[in-house]
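Asks: Quick one: the structure is below, questions incoming.
Number of protein chains: 2
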Amino acid sequence: MSEGTGGTRQRIQAVALELFTEQGYEKTSLREIAERLNVTKAALYYHFKSKDEIVTSFVDDRLRRMDELIAWAAEQPATLETRRALIGRYADAMFAGELPKVMRFFEQNQTVLKSLVAGQQMRDRMMRLAGELCRGDDSPAAQLRAALTLFAVHSSWFAVRAPDISDDERKKIALEVADELLAKIGS
Amino acid sequence: MSEGTGGTRQRIQAVALELFTEQGYEKTSLREIAERLNVTKAALYYHFKSKDEIVTSFVDDRLRRMDELIAWAAEQPATLETRRALIGRYADAMFAGELPKVMRFFEQNQTVLKSLVAGQQMRDRMMRLAGELCRGDDSPAAQLRAALTLFAVHSSWFAVRAPDISDDERKKIALEVADELLAKIGS
DNA sequence: GTCTATATACTGATAGAC
DNA sequence: GTCTATCAGTATATAGAC
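Protein chains in written order, with our numbering: chain A, 2 to 188; chain B, 2 to 188.
Written as structure tokens, this is what we have:
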């Protein structure tokens, strides 16, 4: 919408996301964000009415995409093909654009996010996504496999320690391991 | 060692661990801990010389156990049997006594722990443990499987949503899924 | 749209009495 | 071993000038 001088709002989001991820939401002060951008705290309050509204702002987009994904999955048959397609689409979203940064932020700030509305919503969507991944098989083992499938996509960023590996290769490996886990669901 | 009136030190540890896990390390103030125990902040400072020393105190025990586990693994042959035994021993430790609470605390406070010595040490041990789990196979997929194996043990606490399931059953399921992952390493 | 100035409250931590 | 009193620093947030 209104951008004014030059996307100050987006610059705030970018810096906040980076600092929240690096050192944690609580440990990052608005003063720190403002200093990094060479503006004052009060300037931040012009764009966002509170600290946690900054979080909400960059979470909303991701929330919307996950809702679309869940809705899509719900109207597919509960087959292995659907589960594979679902995790594939999820990985595509995870590795595309700015979303990986948002996910890293979530992984790193789980506890704080429990007391933030945006965090509760994300947790809810993750649970539902896991639910779709093991639809038709509500055994405990299936639930665990579904959760680990999502972890596989997330953790490929840090669990795989190889200096010269591309994002595409990381995604490929994550999906390979995810597929193994999914194959054991509902059989 | 010296216990004085009645294990005040242990009571502080217990309450701190609970609050740190529930609402996060940064968000939990010493005032809050003191109030819960009906003592003053200054009383806390008698037992621990800083806030992060409280963390250190209940992490040290766990650190020692992980070192033993890593040392044991290092002198075994790099076979599937060793990997299975290693994750089995790890799960036993995870599900025994007060240690699960400490692990939950770690999962929930990753970011903050990056700036705490105790946290860095724990991260280091987890990496080494994952390293032992995929010794002899340094492919990226193997690294990911090793990390997921540890996740399987950790996440069985919350990923499996079943009201009437015992800890033993959770452990059994975790190890079942872990074994599947381990079987694909080094083959 | 960004500023200065300020309000109010809480933080971790210390000194020293009892 | 626990207290009172207090420190200096920082937090989020607001009011109002420019």
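Just so it is clear, CB atoms sit at the ideal spot from N, CA and C, and this is done for glycine as well.
Would you report the Cα separation of leucine 114(A) and aspartate 93(A), rounded to the nearest angstrom?
Replies: Approximately 24 Å between the Cα atoms of the pair.
Asks: Are alanine 35(B) and leucine 20(B) close, meaning C-beta to C-beta below 9 Å?
Replies: Not in contact: alanine 35(B) and leucine 20(B) (Cβ atoms no closer than 9 Å).
Asks: If you drop the 5 nearest sequence neighbours on each side, which residues of the same chain put their C-beta closer than 7 Å to that of histidine 48(B)?
Replies: Excluding positions up to five away in sequence, the list reads Thr9, Arg10 and Ile13.
Asks: I'd like to know if arginine 146(B) contacts chain A, where contact means its C-beta is closer than 9 Å to some C-beta of that chain.
Replies: Chain A contact via Cβ: present.
Asks: Taking Cβ positions only, does valine 103(B) come closer than 9 Å to chain A?
Replies: Cβ-Cβ to chain A under 9 Å: no for valine 103(B).
Asks: Using a 10 Å radius around the Cβ and a threshold of 16 neighbouring Cβ atoms, would you call asparagine 39(A) buried or exposed?
Replies: Asparagine 39(A) comes out exposed.
Asks: What residue does the alpha helix (DSSP H) around isoleucine 13(B) start on, and which one ends it?
Replies: Isoleucine 13(B) -> alpha helix (DSSP H) spans 9-24.
Asks: Give me the residue from Val60(B), Ile88(B), Asp61(B) and Leu81(B) with the minimum Cα distance to isoleucine 71(B).
Replies: Here the closest residue by C-alpha is Ile88(B).
Asks: Looking at chain A, which residues of the segment 148-177 of chain B have a Cβ within less than 8 Å of any of its Cβ atoms?
Replies: So the close ones are Ala148, Leu149, Phe152, Ala153, Ser156, Ser157, Ala160, Val161, Arg162, Ala163, Ile166, Glu170, Arg171, Ile174, Ala175 and Glu177.
Asks: Any Cβ of chain A within less than 9 Å of the Cβ of leucine 182(B)?
Replies: Chain A contact via Cβ: present.
Asks: Looking only at its chain, what residues have a beta carbon closer than 8 Å to the beta carbon of alanine 86(A), apart from the 5 residues adjacent to it on each side?
Replies: Correct list, in chain order: Gln77.
Asks: Could you compute how far the alpha carbon of aspartate 125(A) sits from the alpha carbon of leucine 100(A)?
Replies: Using only the alpha carbons, I get a separation of about 18 Å.
Asks: With a cut-off of 9 Å, does the C-beta of proline 141(B) fall near any C-beta of chain A?
Replies: Yes, because at least one Cβ of chain A sits closer than 9 Å to the Cβ of proline 141(B).
Asks: Below 8 Å on the Cβ atoms is my guess for leucine 145(A) versus valine 161(B); work out the distance and round it to an integer in Å.
Replies: About 6 Å separates the two Cβ atoms, so the contact holds.
Asks: Which residues mark the beginning and the end of the alpha helix (DSSP H) in which glutamine 109(B) is found?
Replies: First-last of the alpha helix (DSSP H) with glutamine 109(B): 100-109.
Asks: Give me the residue from Arg37(A), Ser30(A) and Val103(A) with the minimum Cα distance to arginine 66(A).
Replies: When only C-alpha atoms are compared, the closest one is Val103(A).
Asks: Using the C-alpha atoms, what's the distance from serine 58(A) back to methionine 95(A)?
Replies: Approximately 18 Å, taken between the alpha carbons.
Asks: Contact defined as beta carbons within less than 8 Å: I believe alanine 153(A) pairs with isoleucine 186(A). What is the distance between those atoms, to the nearest angstrom?
Replies: Rounded, the Cβ-Cβ distance is 14 Å, inconsistent with contact.
Asks: Whose CA, out of Lys173(A), Phe107(A) and Thr41(A), lies closest to the CA of methionine 123(A)?
Replies: Ranking Lys173(A), Phe107(A) and Thr41(A) by Cα distance to methionine 123(A) puts Phe107(A) first.
Asks: Can you list the alpha helix (DSSP H) stretches of 4 or more residues lying completely in the segment 38-72 of chain B, in chain order?
Replies: DSSP runs (the alpha helix (DSSP H)) wholly in the segment 38-72 of chain B: 42-48.
Asks: Can you pull the chain B neighbours of glycine 25(A), defined as C-beta to C-beta under 7 Å?
Replies: Correct list: Glu27, Thr112 and Val113.
Asks: Anything in the segment 52-67 of chain A with a Cβ closer than 9 Å to a Cβ of chain B? List those residues in chain order, please.
Replies: Flagged: no residues at all.
Asks: Mind pulling the chain B residues with CB within less than 7 Å of glutamine 109(A)?
Replies: Gln111 and Thr112, listed in chain order.
Asks: Tell me the rounded alpha-carbon separation between proline 164(A) and glutamate 33(B).
Replies: Cα to Cα, the separation comes out at about 44 Å.
Asks: Let's see if you can read the secondary structure: which residues bound the alpha helix (DSSP H) around leucine 117(A)?
Replies: Element bounds for leucine 117(A): n/a, residue is neither H nor E.
Asks: Considering just the uninterrupted stretch of the alpha helix (DSSP H) at glutamine 144(B), what are its terminal residues?
Replies: Run containing glutamine 144(B): 141-156, per the alpha helix (DSSP H) assignment.
Asks: Given that alanine 188(B) touches chain A, what residues does it touch there, using C-beta distances under 9 Å?
Replies: In the sequence under discussion, the amino acid at residue 188(B) is serine, which differs from the alanine named in the question. Under the 9 Å cutoff, chain A gives no residues; its nearest Cβ is about 12 Å from serine 188(B).
Asks: Consult DSSP for isoleucine 174(A) and reduce its assignment to one of helix, strand or coil.
Replies: Isoleucine 174(A) falls in the helix class under three-state DSSP.
Asks: Would the beta-carbon of alanine 119(B) fall within 9 Å of that of aspartate 68(B)?
Replies: Contact: no.
Asks: Give the straight-line distance between the Cα atoms of arginine 129(A) and cysteine 135(A), rounded to the nearest whole angstrom.
Replies: Looking at the two C-alpha atoms, the distance is approximately 10 Å.
Asks: In angstroms with no decimal places, state the Cα-to-Cα distance between arginine 171(A) and lysine 42(B).
Replies: Roughly 48 Å separates the two Cα atoms.
Asks: Using the Cα positions of leucine 17(B) and valine 56(B), report the straight-line distance between them to the nearest angstrom.
Replies: Per the sequence presented here, residue 17(B) reads as alanine, with leucine not at that position. About 8 Å.
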